[in-house]
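Let me begin by presenting the structure, written as structure tokens, before commenting on it.
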Amino acid sequence: IRRPPRSTPLYSSAASDVYKRQLQSPADLRVVGNYDCASHEEIKSAMSKSRIAQTKWAEVPLIYRAELMHRVIDVIIENQDHIMNVVMEETGKPIQEAMSMEIFSAIDSLAFYAKRAPKWLRDEKRSMHGPMSFLKKTKVTYKPRGVVAVITPWNGPFILSINPTIQALLAGNSVIIKPSEVTPRSGKLVEDIFLMADAPQDLVQVIIGDGLAGAQLIDEVPDKVSFTGSIATGKKIAKQCSENLIPFSLELGGKDAMIVCSDADIDDAAKGAVIGSCMNAGQYCCGTERIYVVEDVYDEFVEKVVYETKQLNQSSEGFSDIGATFWDKQLDIIEDHVEDAVQKGAHILVGGKRNPSLKGLYFEPTVIINVNHQMKVMTDETFGPVISIMRVKSENEALRLANDSYYGLNGNVWTQNMNKGMNLAKAMETGACSINDMAMSYGVNEAPFGGIKQSGLGSVNGKEGLRSYAHAMPIIIGKKSASSYPYTEKSFKDMKGALKFFWGNKFLRRIWG
């Protein structure tokens, strides 16, 4: 593996207030490393360096910023096996998911935004309306915000660190990443990769630490914060940012609902339910966590889901279908939700417990029925490979239950009637929706991604997400002043005359409006 020639040490122990943390692989529980949490002084230093680097980077033309992304693609392709190994060691992901979620998605984002950023971020002319069109021109220029703090979770440790970094850098910002303390090495890869691609020194930095390090980073007043994680932490970050009026985006997880209509392709829907609930061992924010099936097709659907689930292979080997739970605390939550459901009358058809044949943190892919909204498994984020299926009388009941949640990130509808599918999708109270597929919006770079309700604030991805890393600054160019002193009876009458000419005539109003 070609190492970056200018990289700083992975973990620094120079400061006096650092403290040790140990990394354990969830796949087999072996120790895979130790690290020191960054001190407050190190975080301050990183911010100072980042501000200097950003000032220079902002002067680099967009086309050359885009070229850096292509160099990063080459570095990732060259080092893909190393990246996957680090991610798998920290998370226990199967190799297929390490490739698809971390490597493939990262390269797709790099190429996508490198191609479109020069167009989406260039100065934009805006046509003016009414009488102002004779007097003024308007341009909107997209200025970098400055230093962007990217605080990321453990379930997609590489992609969720690099994707916002790509967008922030193309907009002319520098970036400081604070990855999860559970997966610090996967986050640190982003800094290494950009250095290997000859990015300017300190343009992308990673600080290692826990929640305290994240709070201290925000105390240094970055110019934007991009956070992905829990509702509780997101609310703390929102409060902290508000004290200094720091712009922020929050992606806070979900409890995605799936509606299976009576005319759905049941084979396809069953397969969609299994992968939607179990991909990444169920540990992704758009995971399908609640399935509402119209009673006409309920029995057939359950039968097929049970069959598909029983075919899944769970092991510590690379080419398994279901990997480990990345964090021991998450495994406790999954167990609690399943036990709560069983105590309240739910019935387990497949799985339902830790895998006794594997040493690591493995929860069996699970199918559970007879669930309702009195159970945690249908109300709180489970974040595990649990397929929870509820029988409903009608699609209207399914929609009502789907909207009965304080989450609103994604959802999916299964039907062969596209008009029905569109109507149901539009009526779902969620940030995005898919028809006849699992939640796809984060992987579709053309689409903005963001939640409503308790699932977050702001959008990432797409043109909207890219532009959120910039300040849209309008510049009004005058041919002649629109008004001036002194105010006189004549100027007042002239304005009344203009009002009557432009807006009093119903025909002209539609032209000038």
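Counted from 1, the sequence shown has number 422 at position 403 by this note's numbering; the numbering is strictly sequential. Where a beta carbon is used, it is the ideal one built from N, C-alpha and C, also for glycine.
Residues of its chain near residue i, where Cβ-Cβ distance is below 8 Å and the 5 sequence neighbours each way are ignored
i	result
residue 371	357, 361, 383, 385, 387
residue 524	none
residue 418	278, 443, 446, 447
residue 116	298, 299, 342
Beta-carbon proximity list for residue i, same chain, < 7 Å, skipping 5 on both sides
i	result
residue 285	316, 319, 320, 323
residue 389	364, 365, 366
residue 232	56, 57, 62, 197, 226
residue 378	47, 48
residue 22	Model confidence at residue 22 stands at a pLDDT of 35, short of 50, so the residue's coordinates are unreliable; what they give is reported in the following sentence. The answer is none, since no qualifying residue turns up.
Candidates the options, of which the one nearest residue i by Cα
i	options	result
residue 173	299, 466, 244, 80	299
residue 218	267, 439, 83, 227	83
residue 85	141, 149, 455	141
residue 474	398, 274, 341, 444	274
residue 292	407, 504, 467	407
residue 432	81, 278, 190	278
residue 535	420, 376, 143, 169	Given a span of 20 to 532 for the chain in the structure shown, any question on residue 535 remains unanswerable.
residue 374	400, 343, 391, 397	343
residue 266	52, 179, 251, 241	241
residue 465	162, 412, 307, 127	127
residue 43	444, 438, 346	346
residue 57	199, 117, 184	199
residue 309	424, 527, 453	424
residue 325	486, 401, 368	368
residue 176	246, 154, 187, 239	246
residue 51	135, 201, 258	201
residue 314	428, 450, 413, 498	413
residue 428	90, 479, 337	479
residue 138	485, 528, 517	485
residue 405	440, 493, 296, 113	296
Close Cβ partners of residue i (< 6 Å) along its chain, the five nearest in sequence each way excluded
i	result
residue 395	356, 359
residue 181	125, 209
residue 403	301, 353, 382
residue 24	Residue placement at residue 24 cannot be trusted, given a pLDDT of 37 that sits under 50; what the coordinates show is reported in the next sentence. So no residue of the chain qualifies.
residue 72	193, 219, 221, 222
Spatial distance of residue i from residue j (CA atoms)
i	j	result
residue 110	residue 48	11 Å
residue 36	residue 335	Any answer about residue 36 is weak, because its pLDDT of 43 lies below 50 and its placement is not dependable; what the coordinates show is given next. Going from the Cα of residue 36 to the Cα of residue 335 covers about 37 Å.
residue 225	residue 195	6 Å
residue 530	residue 515	19 Å
residue 477	residue 426	15 Å
residue 214	residue 87	10 Å
residue 65	residue 107	28 Å
residue 350	residue 304	16 Å
residue 230	residue 166	19 Å
residue 102	residue 253	28 Å
residue 250	residue 121	24 Å
residue 513	residue 506	11 Å
residue 99	residue 105	10 Å
residue 243	residue 168	6 Å
residue 329	residue 289	12 Å
residue 179	residue 522	50 Å
residue 12	residue 341	There is simply no residue 12 to check, as the chain begins at 20 and stops at 532 in what is shown.
residue 248	residue 294	22 Å
residue 7	residue 307	This structure gives no information on residue 7, because the portion of the chain shown stretches from 20 to 532.
residue 511	residue 520	14 Å
residue 30	residue 188	Caution is warranted here: a pLDDT of 28 is assigned to residue 30, below 50, making its placement in the model unreliable, and no coordinate value can be reported.
Complete runs of the beta strand (DSSP E) confined to the segment 133 to 187 [at least 3 residues]: Taking 3 residues as the shortest admissible run, the segment 133 to 187 contains the following complete beta strand (DSSP E) segments, listed from N- to C-terminal end: 143 to 145, 155 to 163, 166 to 170.
Segment contact flag, the segment 246 to 265 with the segment 452 to 462, C-beta cutoff 8 Å, min 3 pairs: The answer is no - the segment 452 to 462 does not touch the segment 246 to 265, with fewer than three Cβ pairs under 8 Å.
Inter-stretch contact (C-beta, 8 Å, three-pair minimum) for the segment 197 to 216 and the segment 497 to 509: Contact between the segment 197 to 216 and the segment 497 to 509 is absent: fewer than 3 CB-CB pairs across the two stretches fall below 8 Å.
The segment 185 to 195 in contact with the segment 72 to 81 per 3-pair CB rule at 8 Å: Three or more Cβ pairs drawn from the segment 185 to 195 and the segment 72 to 81 lie within less than 8 Å of each other, which places the two stretches in contact.
The segment 148 to 164 contacting the segment 126 to 133, beta-carbon criterion three pairs below 8 Å: Per the Cβ contact rule, the segment 148 to 164 is not in contact with the segment 126 to 133 (fewer than 3 Cβ pairs under 8 Å).
Secondary structure, alpha helix (DSSP H): runs of 4+ residues fully inside the segment 30 to 105: Annotation note: the segment 30 to 105 contains the following uninterrupted alpha helix (DSSP H) runs of length 4 or greater, listed N- to C-terminal: 59 to 76, 81 to 97.
Whole runs of the beta strand (DSSP E) within the segment 254 to 311, excluding any shorter than 3 residues: As far as the segment 254 to 311 is concerned, its whole beta strand (DSSP E) runs of at least 3 residues are 267 to 270, 275 to 279.
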